[in-house]
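For reference, the structure discussed in these notes is given below.
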Amino acid sequence: MEDPLIIGNKRFNSRFILGSGKFSLEMTDAVIRNGGVEIATLAIRRANKGGEEDILDYMPEGITLLPNTSGARNAEEALRIARLARELGCGDMIKVEIIKDSKYLLPDNCETIRAIKMLSDEGFVAMPYMMPDLSAARAMADAGAAAIMPLGAPIGSNKGLLTKEFIKILVEEINLPVIVDAGIGRPSQACEAMELGCAAVMANTAIATAKDVPAMATAFRMAIEAGILAYLSGPGRVLEDRGEASSPLTGFLGRL
Numbered sequence: 001m002e003d004p005l006i007i008g009n010k011r012f013n014s015r016f017i018l019g020s021g022k023f024s025l026e027m028t029d030a031v032i033r034n035g036g037v038e039i040a041t042l043a044i045r046r047a048n049k050g051g052e053e054d055i056l057d058y059m060p061e062g063i064t065l066l067p068n069t070s071g072a073r074n075a076e077e078a079l080r081i082a083r084l085a086r087e088l089g090c091g092d093m094i095k096v097e098i099i100k101d102s103k104y105l106l107p108d109n110c111e112t113i114r115a116i117k118m119l120s121d122e123g124f125v126a127m128p129y130m131m132p133d134l135s136a137a138r139a140m141a142d143a144g145a146a147a148i149m150p151l152g153a154p155i156g157s158n159k160g161l162l163t164k165e166f167i168k169i170l171v172e173e174i175n176l177p178v179i180v181d182a183g184i185g186r187p188s189q190a191c192e193a194m195e196l197g198c199a200a201v202m203a204n205t206a207i208a209t210a211k212d213v214p215a216m217a218t219a220f221r222m223a224i225e226a227g228i229l230a231y232l233s234g235p236g237r238v239l240e241d242r243g244e245a246s247s248p249l250t251g252f253l254g255r256l
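Counting from 1, one number per residue, gives the positions in the sequence shown under the numbering used here.
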């Protein structure tokens, strides 16, 4: 089934977004290729133009870069990082990441809403990392967000879809791509997110901490593809109070 992911004015076939922060530079290319990735995040501090080690040199040709505002503690800092990313040639897509809490690394929805408005006014395609709250998501959409990226669980925890019920609400109520970001620890969890109707899944730690990193990237690609296919196919009904034979047996014994 052809069902592209559309963010802003860009069209993507892959719904697997790679968070590149925990990979060695040498491993980045292999993970992207095995995962069929078309979008990869980029922490600006790892872009070292003119230096010996530059992550941009390890990004395969054709990859859309999604720089993030990692390290920003308010909207003004996020805007400053976004402008720097654009000057480095990373384009206009930006993952808005504003975190004041250093222990749990939970995003600040209020500052994020402010940042989206500022970024949108300057032509950025803003994709906010957020706590899955419906009121905040609506405010972000009104401020000009191109997608929303609710966390599944705290960053780097690999705990999976702890916020599943809230993400379902966002999928049903927000007319923007909903991309699960942070906390996904297994390919099966990525598949479950896609079966909910999410537009894409971002993964980083789950792959970077696997014993076989390229193989795990492949597993995530296949799980995400299976999940979106299942969602588009329309899952079968659920019977809550009884069972049902898989083959009709009515009248069978009477005919013998």
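The C-beta atom is built at its ideal place from N, Cα and C for all residues, glycine as well.
Keep in mind that this is a model prediction, so the values were computed, not measured.
Residue range L134 to A143 is occupied by the alpha helix (DSSP H) that includes A137. Here A139 is not near I179, since their CB atoms are 7 Å or more apart.
Listed as beta-bridge partners of T69 by DSSP are no residues whatsoever. Around the C-beta of T209, fewer than 16 other C-beta atoms lie within 10 Å, and the residue is accordingly described as exposed. When DSSP states are grouped into helix, strand and coil, K168 belongs to the helix group.
DSSP places D121 in the uninterrupted alpha helix (DSSP H) bounded by N109 to D121. Assignment of beta-bridge partners to A40 by DSSP yields L18 and L65. Rounded to whole angstroms, the separation of the alpha carbons of P107 and K100 is 7 Å. Between A78 and the set F12, P128 and S102, the nearest pair of CA atoms involves P128. Residue nearest to M59 within the set G36, I116, T69 and E225 is G36 (criterion: CA-CA distance). Each of I44, E173, D142 and G62 was checked against the Cα of C198, and the nearest Cα belongs to E173. Within the DSSP bridge table, the entry for Y231 names no partner. Per DSSP, the beta-bridge partners of M93 are V125. The continuous alpha helix (DSSP H) containing R83 extends over residues A75 to E87. The continuous alpha helix (DSSP H) containing I207 extends over residues T205 to A208.
In this model, G62 and A230 are separated by some 28 Å (Cα to Cα). DSSP, reduced to helix, strand and coil, places R221 within a helical segment of the structure shown.
Sorting L5, G156 and L151 by C-alpha distance to the C-alpha of K168 places L151 at the top. Non-local C-beta neighbours of G123 in its own chain, meaning closer than 8 Å and more than five positions away in sequence, comprise D92, ordered along the chain.
Remark: C-beta atoms of G8 and A136 do not approach each other more closely than 7 Å.
Here the alpha carbons of K159 and T64 stand approximately 28 Å from one another. The three-state secondary structure of M59, taken from DSSP, is coil. The three-state reading of DSSP puts M131 in coil, since its state is none of H, G, I, E or B. Residue burial annotation: I81 is buried, with at least 16 other C-beta atoms found within 10 angstroms of its C-beta. The secondary-structure analysis by DSSP pairs V178 across a beta bridge with I148.
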